[in-house]
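Here is the structure we will look at, set down as structure tokens.
Residue numbers (my numbering), protein chains in the order written: chain A, 1 to 188; chain B, 189 to 376.
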């Protein structure tokens, strides 16, 4: 598999004011009550096929711990897909498909993931997004904007301090009022 | 004219990471170099007709001073449309269609603007947006997202501290990679 085939995509679901989580970590806001007539309907089949196209997830320890917390009342959000948690901490992991990594991020991509996978998703948080962006490791950004202003919470982007030109690849509006924007990063 | 006909719209052009201006106030980033094939082309005629539908602009003193600064090298961005600058400061105004207002914002809308205008645009900055949102005076939010990550600058939203449910009304993607999202504010 050539390295051209490999793609690292940042994906996050965000409020219009740029928050990816509430301070109390509640997630009911993710179920919108909105209805957008011109929007696309998402069937479970389409959604399942889409999720299956993701080979590997990367996340920070905060995102991981949030997912663990949620898995006590809901399903584990990342299924059986290989998941790499970037952390210097000694996290308690009891899933065979979850691996802790604390080394160099460029090496992780170039030496461990690039030859093995095609479609890797970085799902947060903001600090890790910033670090991957700084290292020019990101190919695409996929943002799903929900029709809500949260007013407070954990921001999607920390100040990156650096400018990046983007190329709009696709825009999809859904029946539930969610808008998905897909960008590739220019001059990567 | 009934008060139902009146609409206060927040409008801002923002980077994907939520900035409306760079720290050095340069504006060349507003001219994208992106090209989105599926996007809509904007003709000058359509744009002129659209701008003519705006009856009045409201802005904070920072936004005003930035516009004055820009008008030294470009045209004054708000034309002959009545413009109200919210400020406690003694600003130097030399345009007959620009008026300074320092009083109560609800009174401004309900006593001065609602019976006179239909389509009023609040064009920033973040502090004023927050204040109008807090007072439940806003009907719509129109955000034009440019295909760029600025990494730093003046944010679109200050933490509003309050949740607002939105209704997605329209999504338009343009040939230059700009995506315009139009929301109304629920339970206003």
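We put the CB at the ideal spot given by N, CA and C, even for glycine.
Check	Outcome
C-alpha distance - residue 36 (chain A) paired with residue 201 (chain B), whole-angstrom precision	23 Å
Contact set between the stretch 24 to 45 of chain A and chain B, restricted to residues whose Cβ is under 9 Å from the partner	29, 32, 33, 34, 35, 36, 38 and 39
Residue of A:21, A:6 and A:40 minimising C-alpha distance to residue 56 (chain A)	A:6
Residues of its chain near residue 73 (chain A), where Cβ-Cβ distance is below 8 Å and the 5 sequence neighbours each way are ignored	none
Local conformation of residue 371 (chain B) per DSSP, three classes	strand
Within-8 Å CB hit, residue 254 (chain B) to chain C	In the displayed structure, chain C is absent; the protein chains listed are A and B.
Contacts that residue 11 (chain A) makes with chain B (C-beta to C-beta distance below 7 Å)	Chain B residues near residue 11 (chain A): none, gap ~14 Å exceeds 7 Å.
Nearest neighbour of residue 134 (chain A), chosen from B:356, B:339 and B:273 [CA to CA]	B:339
CB contact flag (residue 354 (chain B), residue 372 (chain B), <8 Å)	yes
Residue-chain proximity (residue 270 (chain B), chain A), Cβ-Cβ < 8 Å	no
Residues of its chain near residue 156 (chain A), where Cβ-Cβ distance is below 6 Å and the 5 sequence neighbours each way are ignored	12, 14, 18 and 20
Nonlocal neighbours in the same chain, by C-beta distance under 8 Å from residue 249 (chain B), ignoring five residues either side	273, 274, 275, 277 and 279
Residue 12 (chain A) (DSSP reduced to helix, strand or coil)	strand
Interface positions of the stretch 334 to 364 of chain B facing chain A (Cβ-Cβ less than 7 Å), listed along the chain	335, 336, 337, 338, 339, 340, 345, 347, 348, 349, 350, 351, 352, 353, 354, 355, 356, 359 and 361
Backbone secondary structure at residue 85 (chain A) - three-state DSSP	strand
Assigned secondary structure, residue 45 (chain A) (DSSP; H/G/I helix, E/B strand, else coil)	helix
Endpoints, alpha helix (DSSP H) assigned at residue 172 (chain A)	Taken as a continuous stretch (DSSP letters only), residue 172 (chain A) belongs to no alpha helix (DSSP H), being part of the beta strand (DSSP E) at 164 to 173.
Straight-line gap, residue 110 (chain A) to residue 170 (chain A) (C-alpha atoms, nearest Å)	27 Å
Chain-ordered chain A contacts of residue 326 (chain B) [CB-CB under 8 Å]	The contacting residues do not exist; residue 326 (chain B) stays about 10 Å from chain A at best.
For residue 217 (chain B), the three-state DSSP class (helix, strand or coil)	helix
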